[in-house]
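Notes follow the structure.
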Amino acid sequence: MAALIPSASATGSGTMTLAGPSTNSNQTITIPDATGTMMVSGNMPAFSAYQSSAQTLSGSTDTKILFQTEEFDTNSNFASSTFTPTVAGYYQVSSSIRMNSLATSVRMMIYKNGTKYKIGTDVNTTVNNGLVTTLVYCNGTTDYIEAYANIGTGQALSASSADTWFNGSMVRGA
Amino acid sequence: MMTLFEKIKTIYPQLTDHDFMTVITLQNDSDGKGDYIAKWSHPEFERPTQEQLDAIN
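Chains A and B, in that order, are what the protein sequence lines are. Mapping the first sequence onto our numbering, position 85 (from 1) lands on 85, and the numbers just tick up by one. Just add 174 to wherever you are in the second sequence, counting from 1, and you've got our numbering.
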């Protein structure tokens, strides 16, 4: 039979509590045969933001997209249109833009630490929106993520929560 | 006021949209510093100087 050995934190003095179910049913938690940090909702950052003030992009220029309004930011890791998670792990991030009128091309990109990381939509035809989504590792300290776009015809973006947005969430710990 | 892209196109009207998606990268980090040339590796045309760009309005 496996032993359960509670271990006090070297730095914290908080109490560890295993709470029972609120019904009369018995519940079982199976611990995986692996060592790691247990992820719960409190340490899995998630955010969602959108552009609420229209941004005008120059044509054919990789431009950082601005997201002025947050819908949620569970760990306060999103600021200045940049996601800098403070928990190390793997994150699924996505961003979409919509132009007010057709452009001759669009390229959507995720930048990691100021460098182009992944390209999503990349079309050279008349188009009015673009999307990028990717899985990216962040070290929980210095790594940061931004969304960039390049449109062939310089113009303003459609500023609304449905049209121009950026969101992401941790999918597993480091 | 012309954008950096428009100024470069004025200097080199032969450049195509494809050039700007491959061998030339213009960038704007939305930090108030405006558009800049992040990469220029065109095999035929020299990177324009700041003086050339400033002369166009």
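Cβ coordinates follow ideal geometry from the N, Cα and C atoms, glycine included. Computed from a predicted model, the values in this text were never measured in an experiment.
**OP:** Would you mind giving the Cβ-Cβ distance between His-216 (chain B) and Asp-191 (chain B), rounded to the nearest angstrom? I have them listed as a contact below 8 Å.
**Re:** Incorrect: roughly 13 Å between the Cβ atoms, too far for contact.
Subject >> is_contact[Thr-184 (chain B), chain A] using C-beta, thresh 7 Å >> reply: no
Subject >> Lys-213 (chain B) in three-state terms, based on DSSP >> reply: strand
Original post:
Is it a yes or a no for the region 126-135 of chain A touching the region 71-85 of chain A, going by three-plus beta-carbon pairs under 8 Å?
Top reply: no
Original post:
Between Gly-55 (chain A) and Glu-146 (chain A), what straight-line distance do the alpha-carbon atoms span, to the nearest angstrom?
Top reply: Here residue 55 (chain A) turns out to be Gln, not Gly, going by the sequence shown. If I take the Cα positions, the gap works out to 15 Å.
Subject >> 7 Å Cβ cutoff, Thr-177 (chain B) in contact with chain A >> reply: Chain A contact via Cβ: present.
Original post:
If you draw a straight line from the C-alpha of Gln-92 (chain A) to the C-alpha of Lys-183 (chain B), how long is it?
Top reply: 38 Å
Original post:
So, is the C-beta of Asp-143 (chain A) closer than 7 Å to a C-beta in chain B?
Top reply: Closer than 7 Å: no.
Subject >> Leu-102 (chain A): first and last residue of the uninterrupted beta strand (DSSP E) it sits in >> reply: 89-103
Original post:
Measuring CA to CA, which of A:Phe-78, A:Met-39, A:Gly-20 and A:Ile-29 is closest to Asp-143 (chain A)?
Top reply: Asp-143 (chain A) has its Cα closest to that of A:Phe-78, out of A:Phe-78, A:Met-39, A:Gly-20 and A:Ile-29.
Subject >> Lys-181 (chain B), DSSP secondary structure in three states >> reply: In this structure, Lys-181 (chain B) counts as helix in the three-state DSSP scheme.
Original post:
With distances taken between CB atoms, is the gap from Lys-213 (chain B) to Thr-199 (chain B) smaller than 7 Å?
Top reply: yes
Original post:
In chain A, what lies closer than 7 Å to Thr-199 (chain B) by C-beta?
Top reply: Asp-62
Original post:
Within 7 Å (strictly less), CB to CB, does Ser-204 (chain B) reach chain A?
Top reply: yes
Subject >> Interface partners of Arg-98 (chain A) on chain B, CB under 8 Å >> reply: Near Arg-98 (chain A) there are no residues of chain B at all, since even the closest Cβ is about 18 Å away, more than 8 Å.
Original post:
Comparing alpha-carbon positions, which option in A:Gly-89, A:Ala-10, A:Thr-28 and A:Ala-2 lies nearest Asn-43 (chain A)?
Top reply: A:Gly-89
Original post:
Which residues, in chain order, does the region 120-154 of chain A contribute to contact with chain B at a C-beta distance below 9 Å?
Top reply: Asp-122, Asn-124, Glu-146, Tyr-148, Asn-150, Gly-152 and Gly-154
Subject >> Span of the alpha helix (DSSP H), counted from its first residue to its last, around Met-195 (chain B) >> reply: According to the DSSP assignment, Met-195 (chain B) belongs to the alpha helix (DSSP H) that extends over 191-196.
**OP:** Taking C-beta pairs closer than 7 Å, name the residues in chain B that Thr-84 (chain A) reaches, listed in chain order.
**Re:** Chain B residues near Thr-84 (chain A): none, gap ~15 Å exceeds 7 Å.
**OP:** Output yes if chain B places a C-beta closer than 7 Å to the C-beta of Leu-66 (chain A); else output no.
**Re:** yes
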